[in-house]
Amino acid sequence: MDAKYRRLDSGDSELLLRMQREYYLTDSDEWLKWVPPEWGRCLVVNGEVVAGLILYTYRCHYGSDLVSMVGVGGVGAAPQHRRKGYVRRLLVEALREMRGQEVATSTLYPFSYQFYRKFGWELGRLKVHYEFKPSLLGQLSRVPGEARPMGPESHDPFDAVYRRWCLEHNGLAVRDAASWARKLGERPGQVKRRYVWYSPDSQDPRGYVIFRVEEGKEEWQRHLAVQELVALDTQAYLGLLRLLGLHESQFETVRWTAPVEDPLLCYVAEPRQVEAELWPHFMIRLVHLPKALASRSVPEGMRGVLVIECHDEVLPENQGPWEVELGPDGVGVRPSSRPADISADIGVLSQVYVGFLTPVQACRLGGMRGEPAALEVLGRWWGPRPPALEEYF
Numbered sequence: 009m010d011a012k013y014r015r016l017d018s019g020d021s022e023l024l025l026r027m028q029r030e031y032y033l034t035d036s037d038e039w040l041k042w043v044p045p046e047w048g049r050c051l052v053v054n055g056e057v058v059a060g061l062i063l064y065t066y067r068c069h070y071g072s073d074l075v076s077m078v079g080v081g082g083v084g085a086a087p088q089h090r091r092k093g094y095v096r097r098l099l100v101e102a103l104r105e106m107r108g109q110e111v112a113t114s115t116l117y118p119f120s121y122q123f124y125r126k127f128g129w130e131l132g133r134l135k136v137h138y139e140f141k142p143s144l145l146g147q148l149s150r151v152p153g154e155a156r157p158m159g160p161e162s163h164d165p166f167d168a169v170y171r172r173w174c175l176e177h178n179g180l181a182v183r184d185a186a187s188w189a190r191k192l193g194e195r196p197g198q199v200k201r202r203y204v205w206y207s208p209d210s211q212d213p214r215g216y217v218i219f220r221v222e223e224g225k226e227e228w229q230r231h232l233a234v235q236e237l238v239a240l241d242t243q244a245y246l247g248l249l250r251l252l253g254l255h256e257s258q259f260e261t262v263r264w265t266a267p268v269e270d271p272l273l274c275y276v277a278e279p280r281q282v283e284a285e286l287w288p289h290f291m292i293r294l295v296h297l298p299k300a301l302a303s304r305s306v307p308e309g310m311r312g313v314l315v316i317e318c319h320d321e322v323l324p325e326n327q328g329p330w331e332v333e334l335g336p337d338g339v340g341v342r343p344s345s346r347p348a349d350i351s352a353d354i355g356v357l358s359q360v361y362v363g364f365l366t367p368v369q370a371c372r373l374g375g376m377r378g379e380p381a382a383l384e385v386l387g388r389w390w391g392p393r394p395p396a397l398e399e400y401f
C-alpha cells in the first residue's frame, strides 16, 4: 500500500470540510468555527485522500494532577474506500504520532466499541439517561440559597464550580474562555438557559445547570434537555433539581444523561416513573505509558516500588516491564528487568488508570494479574475518584 499519513495545514479548511461531509453525510460547517484545519490528519493513497480524523488536544484533571490527553474524533473513510484497512492504518499512525509527542492518554466516542478495542481503547465510563415528568420533583422543599440566571458570556462562576468539581474526578478537561463560550453559547435556532446556584451564607457559587429546549413530536410539546448539572453539595443539588421541577408547566419531560453515580432516584417522588437507561460513554487508552505513570502524584506519606508490564500490540514500546518508584519527590519510571508485580492488557490498565475499575475488579474480570499487596498499592496510588469527561468531539 503506497500510503502516506499527513497533517493538514492552514490552507486545508475546504479539504477538512469535504472529508467530514463525505464521511458523515452532513452539510453542517458550524464546528469549523472552532476546529482549525491543522488538527486534521488524513491518509493519502496514490495521491488521493482516502480517510481522515481530527485530533483534539487537552489537559485533564485527575484530582489535582493534570494529565495530557488527545481526543480522537471525525474518524472516517469515503464509502468507496471502506473495508480496505485504511482507517486501521490511519489510527495506528495517529497513535504513533501521539506517543512520539509523549501524550499520556487518548479518549474517543466510538461508533463501535468492538472496533476500537482492537487498537487498545477501552470503555472508560458509564452514564445513565433519565427521562421523567418535571412534576416528579414537585415534592422537593425549598432549600436555602438561590438560582441566578446567567448569560452566555458569564463563564466565571461556572468555571469556579467546575474547577472544584474536577478535584473529585478523573478525566475532566481543563476549560478556557473559548471552551466555556462553546459550552454556554447557543447554536443558530437553539434556546438555552443557564443558572448558577449560590448558598445564602456565601457569595461563592456552589452549583450550576445548563439546559436547552428540545422540540417534541407534537405541536407545543417541548422537552427540557439538561446539558450539564454540577453541584458541590447536597443543598445545591436539591436546589437545582427543584428548579427543574418548577418548569413543569412548560415542558413535557426532563431529559438528562447523568453520571452513573448520580442520586436522582433517591429524591424523585416515584422512582418507577423515571425512565432510566444505562449508556456506555467514552473510551480511553494509555498512549505513552511511562508518561502516564509519571503524571500521577503520590499521596502524602506513601512509599513503594511497583514493577508494571502491559500487553500492547499496537504500541509495543509500552510493554515494559517498568519499575515505578513512588516517593516524596513524585514518581520515577524506568525500564526494569525484574519480574512484574502487576501485568495487564493496555485497555484494562487504562480502565484502572481512569477509575472505571479498581485493580481488584480488573483482576476478577481476568484482565489484570498481581499479588494483593501490589494491587493495594496501585489502588491507593490512583485513588477512588470516578471517571468523567463532558467535552465531545
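Per the working numbering, the sequence shown starts with residue 9, numbered consecutively. For glycine and all other residues, C-beta sits at the position ideal for the given N, C-alpha and C. Keep in mind that this is a model prediction, so the values were computed, not measured.
Please list, in chain order, all residues of the same chain as residue i whose beta carbon is under 8 Å from its beta carbon, the five residues on each side excluded.
i, result
"residue 72", "175 and 305"
"residue 74", "67, 68, 182 and 303"
"residue 136", "265, 266, 267, 268, 270, 284, 285, 286 and 287"
"residue 42", "186 and 190"
"residue 249", "145, 148, 272 and 275"
"residue 151", "243, 246, 247 and 250"
Can you tell me whether residue i is buried or exposed? The criterion is at least 16 other CB atoms within 10 Å of its CB, across all chains shown.
i, result
"residue 130", "buried"
"residue 122", "exposed"
"residue 112", "buried"
"residue 403", "With the chain covering 9 to 401 only, the question about residue 403 has no answer from this structure."
"residue 142", "buried"
"residue 373", "exposed"
"residue 268", "exposed"
"residue 196", "exposed"
"residue 147", "exposed"
"residue 228", "exposed"
"residue 164", "exposed"
"residue 321", "exposed"
"residue 242", "exposed"
"residue 54", "exposed"
"residue 203", "buried"
"residue 120", "exposed"
"residue 32", "exposed"
"residue 115", "buried"
"residue 399", "buried"
Closer than 6 Å by C-beta to residue i: which residues in its own chain qualify, once you throw out the five before and the five after it? Chain order, please.
i, result
"residue 86", "30"
"residue 331", "315, 342 and 344"
"residue 312", "334 and 385"
"residue 256", "142 and 143"
"residue 363", "178, 393, 394 and 395"
Using DSSP with H/G/I as helix, E/B as strand and the rest coil, what is residue i?
i, result
"residue 185", "helix"
"residue 253", "helix"
"residue 76", "strand"
"residue 326", "helix"
"residue 28", "helix"
"residue 351", "strand"
"residue 369", "helix"
"residue 359", "helix"
"residue 61", "strand"
"residue 296", "coil"
"residue 237", "strand"
"residue 2", "A question about residue 2 goes unanswered here, because the residues of the chain that appear run from 9 up to 401."
"residue 92", "coil"
"residue 242", "helix"
"residue 377", "strand"
"residue 342", "strand"
"residue 332", "strand"
"residue 232", "strand"
"residue 175", "coil"
"residue 46", "helix"
"residue 307", "coil"
"residue 82", "strand"
"residue 387", "helix"
"residue 302", "helix"
"residue 424", "This structure cannot settle anything about residue 424, because the visible part of the chain is limited to 9 through 401."
"residue 87", "helix"
"residue 12", "strand"
"residue 51", "strand"
Got a sec? Which residues, its chain only, sit under 7 Å from residue i by beta carbon, not counting five neighbours each side?
i, result
"residue 382", "314, 349 and 350"
"residue 231", "222, 224, 259, 260, 261 and 263"
"residue 361", "294, 300 and 390"
"residue 220", "198, 199, 200, 233 and 235"
"residue 296", "107, 110, 111 and 112"
"residue 10", "53 and 54"
"residue 238", "169, 170, 173, 215 and 216"
Can you confirm whether residue i, when its beta carbon is compared against all beta carbons of chain D, has any partner nearer than 8 Å?
i, result
"residue 268", "Here there is only one protein chain, and chain D is not present."
4 or more residues per run - each alpha helix (DSSP H) lying fully within the region 102-167 | 121-125
Inspect the CB distances between the region 155-173 and the region 46-57 and report whether three or more fall short of 8 Å.
-> no
Three or more C-beta pairs below 8 Å linking the region 59-69 and the region 282-296 | no
Pair every Cβ in the region 158-174 with every Cβ in the region 207-221, then say whether three or more of these pairs are closer than 8 Å.
-> yes
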